Each structure stands twice: as C-alpha cells, then as structure tokens.
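Colleague: For reference, the structure I am asking about is given below.
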Amino acid sequence: MLQLNQPIASSHVGSFPLPFNQQNVARALHDMMQIGVTYPPYPQLRDFVSTFMHSLVKKGILQPVSGAFIVKDLRAFEELHKLEVSPPEEAVQSIRQASGYPLRAPLTGPVTIASEMYLSSDLSQKSWLLARKDLVLGPLAEYLAKYAESFAKLGYHFLVVDEPSLVVILGKRISMYGYKQDEIAEAINKVLKRASTSLKGIHICGILPPQLKDILFSLDEVEIYDHETFDTPKNLDFYTRRELEEHDKYLAIGVVSSKTPKVEDFKEALKFAEKAVERFGDRVVMVKPDCGFFGLKWVYGSKGEMVIDVEAGYSAALSKLRVVQSIALELSKRLAH
Ligand SMILES: [Zn+2]
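Given below as structure tokens:
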C-alpha cells in the first residue's frame, strides 16, 4: 500500500508564470507550503528542457537556437553517461528552504528532451535527435538518471518524470524511428531506478493515446500516474479501476485547469474529483492542477479581452492551488470517517 503524508494528497506539476530568479523561487515555494500543498515541487520558473541541458551548453556540447538545441559535439553527446551532474540550483535552494517539508522533484524525461534537439542546424525532421533511438534511450536516459539520483540524495520525496512529448513518437513515428514500446519503458525505468525517493510518478498531459497504455503499465518503477483530466475528462476513460488494481498503480488527477486563469469554483472542482473517486475508489491518491502554470501569464481584462499580467496570473495559480488543497482535505476527511 502506498504511504502518503495525507490520505488524499495534493501536489503541483511544477511551473509558475514568474520570471526565474532566487526571490521568485523562494516566493513560490513559500506560498505553496503556506497553502499546505502536500508535495509542492521545486518551482519551475524556467523552461523544463533547458533546466537540465544548460550545463551541456556551457560545456559546448549543445548550442541553443530558437526554442531548440543543436548537438555541436556528437562525440561528447554519445558519452553523456560519463558526465557528472549537479542538481538544478532551484532544486537545491528549495530543499534548503523546505527544511524537511516533503517536496516533489520534476525531471523532464528523455523523449521530451530529445524532441527539442537536433543533430544539425537545418532543424529538419531528418536531423531530429528522436530519430537516433540509440542516443535517446542510451546516453541521454543515463544522463537523466543521474539527475534522478541527485534529487534523491538531496532529500526529495516524490520524483516525477515529465514526458508530455511521449505521445509525439507514438503512432506512425514509433515504427518510423524503430522505437519499441518496451524499450521506451525500459529507458524511463532506468531514469527512475537510480532514485531512492519514497514516491515515484510520471506526468503526461494532453490526450492519452491508446498505444501509451502498454508503455505505462511496463513502468515498474512508477506508482503514480499523473495526467490532465479536468480539461480532458476523457483521459479518465483511459484506465479502468481493475487495470490499476491489477498493476498496483495509482492516479494523481487534475481537478483544476492549467490553461485558463478563471479560478474554479470549489464545489464544481470537488464534484469532478468525487466522480473520479466514485469510479476509481482508493486508486485516486492525489489531486493537482492538470499541468504546470507556465502559460498562465495572462488574465481576462475588464472587457473580457486577454491581458498579459504575470502577477495576476500568479495569483490565479495560487487560488487554484487553494482549491486543490481544499479538495484534498475534504476527500481525506471523508476517508477518515
Ligand atoms: Zn503537463
């Protein structure tokens, strides 16, 4: 049986719409702990691919280009598994600040990282790193496993591999690039295996394609599946309770949107959570926003138009987390009776 710090825990995927600096990292973590989020993440205020790749840019192995990276030194990239890693600075800062409060460590997965990398500057599909299965599932996955290990060493409780781009290589591409489902699962397992955190999960948002199921159920290291469900309720049809029981897996369900700044009414969000609990019973162990709040940089203006306002977006993010936490408390209270 899963051991959580609260019968139905609350968490957050990771990001906020604040500029990246130490003050804002401290502020976001402080606010999440104040709200009482059971497993707050180290706040992700910068891009979740470059967070793990900027040391390779410094070493000259990668070169950043508009929204992507080019592998400049293929030789060195092939030997990534030999490099040492240091955990991201915001992760180190957060664990100090939390002083014992259990934290979630988001770690971007190999497929998602590779989906933003190219082997030549033409950025064509042919030079996409994803086409080099050997590099993605080998050295890159092993390199990320070292980050997993470093999070566990720092004292993180809940390690979550974020793989939103996994859906990109499913369907036609999986055969085009020669990926086998069990090989992908093995690579993600390899990343998680290096970490001795008490909880491990995977976050995949968007619509879950049926081909994903075999991969997810082959992730022996994962206990918690974290998906987008509030904005994409049909993702709740992806699993059956029985399947989850048979594979001994649990769900972290999205009970508020990460896309719209409109703060959900507590009752409406609770109703959604109740439906999921009715359906999956004790397999629902965590509630959270669908995804990160990185995109919540805008709010509705007085005429209903969209206005860029980072502070207002951040404040909406916190209000949503308050709704999430109230739901976690309400559902936990019911379980106690
Ligand atoms: Zn997501």
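Each residue of the sequence shown is one higher than the one before, starting from 46 at the first, in this note's numbering.
We put the CB at the ideal spot given by N, CA and C, even for glycine.
Please read these numbers as outputs of a predicted model, since none were measured by experiment.
Give a yes or no on whether the C-beta atoms belonging to Pro151 and Pro86 are separated by under 7 Å.
Modeller: Against a cut-off of 7 Å, the Cβ pair of Pro86 and Pro151 comes out as a contact.
Colleague: Please state whether DSSP places Arg91 in a helix, a strand or coil.
Modeller: coil
Colleague: Are at least three pairs of beta-carbons, each pair with one atom in the region 163-173 and one in the region 128-138, less than 8 Å apart?
Modeller: No: fewer than three Cβ pairs fall under 8 Å.
Colleague: Determine, using beta carbons only, whether Thr242 and Tyr201 come nearer to each other than 7 Å.
Modeller: With contacts defined as CB atoms closer than 7 Å, Thr242 and Tyr201 qualify as a contacting pair.
Colleague: List in chain order: all unbroken alpha helix (DSSP H) runs of 4+ residues lying wholly within the region 217-248.
Modeller: 217-221, 226-238
Colleague: Can you check whether the CB of Gly346 is closer than 7 Å to the CB of Val355?
Modeller: no
Colleague: Quick one: is Gln11 buried, meaning 16 or more other Cβ sit within 10 Å of its Cβ, or exposed?
Modeller: As displayed, the chain neither begins before 46 nor continues past 382, which places residue 11 out of reach and without an answer.
Colleague: At which residue ranges does the region 268-346 contain complete beta strand (DSSP E) runs of 3 or more residues, listed in the order of the chain?
Modeller: 269-272, 295-301, 329-334, 343-345
Colleague: Determine, using beta-carbon pairs with one atom in the region 361-380 and one in the region 278-285, whether at least three such pairs fall under 8 Å.
Modeller: Touching, no, given that fewer than three Cβ pairs across the two stretches are closer than 8 Å.
Colleague: To the nearest whole angstrom, what separates the beta carbons of Glu161 and Phe114, a pair I think is in contact under 8 Å?
Modeller: 6 Å
Colleague: Note the first and the last residue of the continuous beta strand (DSSP E) segment covering Pro155.
Modeller: First-last for Pro155: 155-159, but that is the alpha helix (DSSP H), not the beta strand (DSSP E).
Colleague: Given Gly183, which residues of its chain have a CB within under 7 Å of its CB, disregarding the five upstream and five downstream residues?
Modeller: none
Colleague: By the DSSP assignment, the beta strand (DSSP E) with Val58 in it spans what residues?
Modeller: No beta strand (DSSP E) holds Val58; DSSP gives it neither H nor E.
Colleague: Do you know offhand how far Arg239's Cα is from Asp276's?
Modeller: 33 Å
Colleague: Do you know offhand how far Leu215's Cα is from His382's?
Modeller: 44 Å
Colleague: What does DSSP give as the partner residues of Arg72 in its beta bridges?
Modeller: None; Arg72 has no bridge partner.
Colleague: Buried or exposed: which applies to Asp179, given that a residue is buried once 16 or more other Cβ atoms fall within 10 Å of its Cβ?
Modeller: By the neighbour-count rule (16 or more Cβ atoms within 10 Å), Asp179 is not buried but exposed.
Colleague: DSSP on Phe65, reduced to helix/strand/coil?
Modeller: Phe65: coil per DSSP, three-state reduction.
Colleague: Given this structure, state the Cα-to-Cα distance separating Val116 from Pro132, to the nearest angstrom.
Modeller: 22 Å
Colleague: If you run the structure through DSSP and keep just helix, strand and coil, what is Arg141?
Modeller: Under the three-state reduction of DSSP, Arg141 is assigned to helix.
Colleague: Only counting the same chain, and skipping five residues up and downstream in sequence, which positions put a Cβ closer than 7 Å to that of Leu185?
Modeller: These residues qualify, in order along the chain: Leu125, Pro155, Ile158, Ala159.
Colleague: Go ahead and pull the three-state DSSP assignment for Tyr201.
Modeller: coil
Colleague: Using the C-alpha atoms, what's the distance from Tyr359 back to Ile249?
Modeller: 23 Å
Colleague: Indicate whether Phe262 and His292 have their beta-carbon atoms separated by less than 7 Å.
Modeller: Against a cut-off of 7 Å, the Cβ pair of His292 and Phe262 comes out as a contact.
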